[in-house]
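What follows is a single structure, written as structure tokens, with notes after it.
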Amino acid sequence: MSAQFLQFLLAGLTVGAIYALVALGFAIIYNASQVINFAQGEFVMIGGMATVWLANAGWPLPAAIAAAVLLAALVGLALEKLAVEPARGASVVTLIIITIGASILLRGFATIFWDKKIHPLKAFSGEAPIQFGGATLLPQSLWVLGVTLAIVLLLSWFFGRTLLGKALLATSHNRLAAQLAGINVQHVLLLSFGLSAALGAVAGILIAPITFTAWDVGVMLGLKGFAAAILGGMGSGPGAIVGGLVLGIIEAMGAGYVSSAYKDAIAFVIILAVLFFMPSGLLGQRSADRV
Amino acid sequence: MARQFLLGALLAIASLVTQAQEPIRVGAFLAVTGPAAFLGDPEQKTLELYIERLNAAGGVLGRKLQLVSYDSAGDAEKARTFAKRLIEQDKVDLIVGGTTTGETMAVVALVEQAGIPFISLAGAVVIIEPVKKWVFKTPHTDRMACERIFLDMRGRKIERIGLISGSGGFDKSMRGECLKVAPTYRVQIVADEAYGGGDTDMTAQLTKIKNTPGVQAVLNAGFGQGPAIVTKNFKQLGMNVPLYQSHGVASKQYIQLAGDAAEGVRLPAAAVLVAEKLPADDKQRPVAVGYKKTYEGRYKQEISTFGGHAYDGLMIAVEAIKRAGSTDKAKVREAIESTKGFIGTGGVVNMTPRDHMGLDLTHFRMLEVRKGDWALVQ
Numbered sequence: 012m013s014a015q016f017l018q019f020l021l022a023g024l025t026v027g028a029i030y031a032l033v034a035l036g037f038a039i040i041y042n043a044s045q046v047i048n049f050a051q052g053e054f055v056m057i058g059g060m061a062t063v064w065l066a067n068a069g070w071p072l073p074a075a076i077a078a079a080v081l082l083a084a085l086v087g088l089a090l091e092k093l094a095v096e097p098a099r100g101a102s103v104v105t106l107i108i109i110t111i112g113a114s115i116l117l118r119g120f121a122t123i124f125w126d127k128k129i130h131p132l133k134a135f136s137g138e139a140p141i142q143f144g145g146a147t148l149l150p151q152s153l154w155v156l157g158v159t160l161a162i163v164l165l166l167s168w169f170f171g172r173t174l175l176g177k178a179l180l181a182t183s184h185n186r187l188a189a190q191l192a193g194i195n196v197q198h199v200l201l202l203s204f205g206l207s208a209a210l211g212a213v214a215g216i217l218i219a220p221i222t223f224t225a226w227d228v229g230v231m232l233g234l235k236g237f238a239a240a241i242l243g244g245m246g247s248g249p250g251a252i253v254g255g256l257v258l259g260i261i262e263a264m265g266a267g268y269v270s271s272a273y274k275d276a277i278a279f280v281i282i283l284a285v286l287f288f289m290p291s292g293l294l295g296q297r298s299a300d301r302v
Numbered sequence: 006m007a008r009q010f011l012l013g014a015l016l017a018i019a020s021l022v023t024q025a026q027e028p029i030r031v032g033a034f035l036a037v038t039g040p041a042a043f044l045g046d047p048e049q050k051t052l053e054l055y056i057e058r059l060n061a062a063g064g065v066l067g068r069k070l071q072l073v074s075y076d077s078a079g080d081a082e083k084a085r086t087f088a089k090r091l092i093e094q095d096k097v098d099l100i101v102g103g104t105t106t107g108e109t110m111a112v113v114a115l116v117e118q119a120g121i122p123f124i125s126l127a128g129a130v131v132i133i134e135p136v137k138k139w140v141f142k143t144p145h146t147d148r149m150a151c152e153r154i155f156l157d158m159r160g161r162k163i164e165r166i167g168l169i170s171g172s173g174g175f176d177k178s179m180r181g182e183c184l185k186v187a188p189t190y191r192v193q194i195v196a197d198e199a200y201g202g203g204d205t206d207m208t209a210q211l212t213k214i215k216n217t218p219g220v221q222a223v224l225n226a227g228f229g230q231g232p233a234i235v236t237k238n239f240k241q242l243g244m245n246v247p248l249y250q251s252h253g254v255a256s257k258q259y260i261q262l263a264g265d266a267a268e269g270v271r272l273p274a275a276a277v278l279v280a281e282k283l284p285a286d287d288k289q290r291p292v293a294v295g296y297k298k299t300y301e302g303r304y305k306q307e308i309s310t311f312g313g314h315a316y317d318g319l320m321i322a323v324e325a326i327k328r329a330g331s332t333d334k335a336k337v338r339e340a341i342e343s344t345k346g347f348i349g350t351g352g353v354v355n356m357t358p359r360d361h362m363g364l365d366l367t368h369f370r371m372l373e374v375r376k377g378d379w380a381l382v383q
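In the order they appear, the protein sequences are chains L and H.
Its first residue numbered 12, the first sequence is counted upward by one per residue in the working numbering.
Its first residue numbered 6, the second sequence is counted upward by one per residue in the working numbering.
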């Protein structure tokens with residue numbers, strides 16, 4: 012029984028790490044601009060598809076990965092410059108609709124520029140399963156968990172110890188004050204989009220060897236990352252990570268012990284439950300309005 | 006007076022002539038993109054290729070064939086919309102299409118009401134059972150896939166199996182059929198798991214099957230990317246019992262996606278996949294090899310059974326139109342229903358008013374994946 016439990020747990024952690032990365036992307040952009048960027052899932056897709064495209068063109072895998080992440084970051088910057096910045100004064104709802112439109116556009120570009128087929132990506136270090144306490148783990152899962160951990164550590168160093176990271180945090184706390192303190196809020200916004208896009212791309216590349224990639228993987232992954240971000244508390248970095256892992260584990264346990272056919276529904280039931288009972292999420296701050 | 010008569014006669018002759026030159030419109034709605042793309046894409050390419058060839062050879066009944074096709078992307082709603090468009094706006098003479106069972110079933114009511122012959126390229130037995138007047142199909146049914154697999158299992162003395170299937174129309178139908186016919190072949194299904202359409206990780210379900218005592222083989226009823234992931238997970242979990250797939254994965258794309266994990270997987274499939282390995286006296290060999298050479302020569306892409314289904318559908322329709330001597334829908338329907346001895350990529354087709362598919366188990370082969378290629382299991 013416990014070997015089975017372990018198997019489910021490992022599967023849940025692997026996919027949960029991906030959700031965590033996507034949720035972090037949501038959190039960073041939300042923090043900097045109060046915008047919920049529904050094109051986040053498309054960055055995940057761009058990461059995976061671009062890597063497959065370059066790898067098939069003969070590029071060595073590390074170079075393809077680096078280039079793909081860069082491409083996604085550029086797309087993120089373009090999104091901010093061309094779609095979000097011109098609409099700066101608009102209401103939050105308008106901005107959200109703009110990002111939804113952008114996600115549809117990006118998917119369309121993907122089908123034209125690449126194709127609509129499902130693509131496998133070679134695993135980074137082979138596919139020989141690793142035995143672990145009665146359960147088996149793919150080497151790629153170790154990559155997923157390892158890289159996610161490294162990214163989390165990197166980001167906490169970035170936000171805690173570098174001036175640029177602190178500027179980003181400052182902008183998220185109080186935009187006007189940050190401007191008055193001399194922080195170029197425009198650049199901070201650009202940076203947040205580029206960073207989120209890069210995070211999404213990394214997530215897409217890590218998971219592609221396990222789950223394949225295609226032009227439309229961004230839809231589900233984006234929505235589940237969004238669910239994870241809400242679960243952890245929208246805007247909270249640690250919340251995004253916790254939310255992602257918890258969502259991944261609940262999904263795997265639900266599929267294993269309850270019903271495997273309704274796995275996708277779990278994420279959306281969680282969104283509803285959180286919004287009904289605990290709108291600020293697990294680690295989010297309770298918002299209080301002065302009356 | 007005479008001039009008016011002459012003008013009228015000229016116009017009448019002109020209209021007759023243009024009527025005769027009016028192309029035979031073959032309508033199609035196929036899942037060229039989406040989760041069933043590796044079924045629909047070769048189907049589209051096959052229809053285009055063979056209509057081109059038929060036209061180059063003079064057309065049918067002296068008329069050119071014209072393909073009007075839409076991409077339904079595996080979506081039943083879209084399929085319905087496009088079928089409606091084909092019938093009402095494009096006014097096609099018959100329809101060959103419906104890549105997936107879901108898409109086909111969504112269109113049945115429309116086609117029955119409009120009275121237009123429809124040859125489906127989808128798998129589930131529910132398409133032709135109960136038999137519907139205007140609906141036919143070319144691929145072997147899911148029930149036949151179950152039977153063919155159980156026959157092979159009996160040969161390997163396999164009696165207890167685990168079943169894992171997806172949530173699509175074909176998956177659910179095949180699961181139901183396998184559950185129904187298993188007792189006849191003395192096969193017991195001791196584990197029964199399901200996964201969702203877009204699921205990317207089936208280790209949970211496979212773990213449950215692995216932990217069920219006495220499982221001697223696993224049967225995966227599905228098509229598209231699901232079975233590829235099941236296959237990879239199967240290898241990851243170190244399950245070394247035989248894995249059987251349905252004919253829904255009869256395409257090289259499956260082997261590409263599943264990689265090494267596909268070694269040793271068995272599936273029932275039409276002979277066309279192993280065309281060149283068929284014995285010289287096999288009735289299907291000429292058709293299979295001919296299709297393979299023509300398709301691969303043009304598209305530089307390996308064939309799949311799905312393109313073969315489309316070939317069979319088109320050729321059966323064309324033969325029927327020739328026999329009916331017109332494109333009158335009722336006559337063509339009757340001609341399709343009386344197809345006898347048609348040798349296609351799926352087998353020898355003999356339709357009757359009660360059997361709108363016309364295939365039996367004889368030409369449904371058992372294949373095994375060896376070294377990344379198909380091998381015929383004797």
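For each residue, glycine too, the CB sits at the ideal point set by N, CA and C.
| Check | Outcome |
| --- | --- |
| Mind pulling the chain H residues with CB within less than 8 Å of L/F223? | T205, Q230, A233, I234, L262 |
| Can you check whether the CB of H/G227 is closer than 8 Å to the CB of H/G171? | yes |
| Judging by CA-CA distance, which residue of H/G231, H/D176, H/A293 is the nearest neighbour of H/G384? | No answer is possible for residue 384 of chain H: it lies beyond the span of chain H, which begins at 6 and ends at 383. |
| Can you name the residues of chain L whose CB is closer than 7 Å to the CB of H/N216? | Q15 |
| Tell me, please, whether the CB atom of L/P73 is closer than 8 Å to any CB atom in chain H? | no |
| If the cut is a Cβ gap below 8 Å, which residues of chain H does L/K274 touch? | Y200, G201, D204 |
| So what's H/N2 in DSSP terms, helix, strand or just coil? | Only positions 6 to 383 of chain H appear in the structure, and residue 2 of chain H is not among them; the question remains open. |
| Output the distance between the C-alpha atoms of L/S102 and L/V86, rounded to the nearest integer angstrom. | 23 Å |
| In whole angstroms, what separates the C-alpha of L/G255 from that of L/G59? | 19 Å |
| Quick check: what's the CA-CA separation for L/M56 versus L/V228? | 6 Å |
| Where does H/R85 land, buried or exposed, given buried means 16+ other C-beta within 10 angstroms? | buried |
| From L/G292 to L/T110, what does the alpha carbon distance come to, in whole angstroms? | 23 Å |
| Pull up the DSSP beta-bridge partners for H/W379, would you. | H/V374 |
| Does the beta-carbon distance from H/G128 to H/T106 come in below 8 Å? | yes |
| In whole angstroms, give me the CA-to-CA distance for L/S152 and L/A83. | 23 Å |
| Can you pull the chain H neighbours of L/F19, defined as C-beta to C-beta under 9 Å? | T208, A209, T212 |
| Can you list, in chain order, the residues of its chain with a C-beta nearer than 6 Å to that of H/I133? Leave out the 5 residues immediately preceding and following it. | K142, H361, M362 |
| Consult DSSP for L/S114 and reduce its assignment to one of helix, strand or coil. | helix |
| Counting only beta-carbon separations shorter than 8 Å, does L/K127 have a partner in chain H? | yes |
| Roughly how many angstroms lie between the CA atoms of H/N216 and L/T62, to the nearest whole one? | 37 Å |
| Return no unless some Cβ of chain L is closer than 8 Å to the Cβ of H/S256. | no |
| If you follow the beta strand (DSSP E) that H/S125 is part of, which residue opens it and which one closes it? | 123-125 |
| Check the DSSP bridge columns for H/Y75 and list the partner residues they point to. | H/F34 |
| Determine whether the Cβ of H/L242 lies closer than 8 Å to any Cβ atom of chain L. | yes |
| Is the separation between the beta-carbon of L/Q51 and that of L/S183 shorter than 8 Å? | no |
| If you drop the 5 nearest sequence neighbours on each side, which residues of the same chain put their C-beta closer than 6 Å to that of H/C183? | C151 |
| H/P40 to H/K83, Cα distance in whole Å? | 14 Å |
| Along the chain, which unbroken stretches of the alpha helix (DSSP H) at least 4 residues long are found entirely within the segment 125-187 of chain H? | 147-160, 174-186 |
| List the endpoints of the continuous alpha helix (DSSP H) containing L/F143. | Where L/F143 is concerned, there is no enclosing alpha helix (DSSP H), although the beta strand (DSSP E) it sits in stretches over 141-143. |
| Taking 7 Å as the limit between beta carbons, can you name the residues of its chain near H/T205, skipping five residues before and five after? | I234 |
| Mind listing the chain H neighbours of L/M231? Cutoff is C-beta to C-beta under 7 Å, in chain order. | G203 |
| Report the residue from L/V33, L/S13, L/K274 whose alpha carbon sits nearest the alpha carbon of L/V155. | L/V33 |
| Output needed in chain order: residues of the segment 249-268 of chain L with a Cβ under 8 Å from some Cβ in chain H. | A263, A266, G267 |
| Say whether chain L places a C-beta atom closer than 8 Å to the C-beta of H/T310. | no |
| How about H/T38: is its C-beta nearer than 8 Å to some C-beta of chain L? | yes |
| Tell me whether L/I76 is buried or exposed, calling it buried when 16 or more other Cβ atoms sit within 10 Å of its Cβ. | buried |
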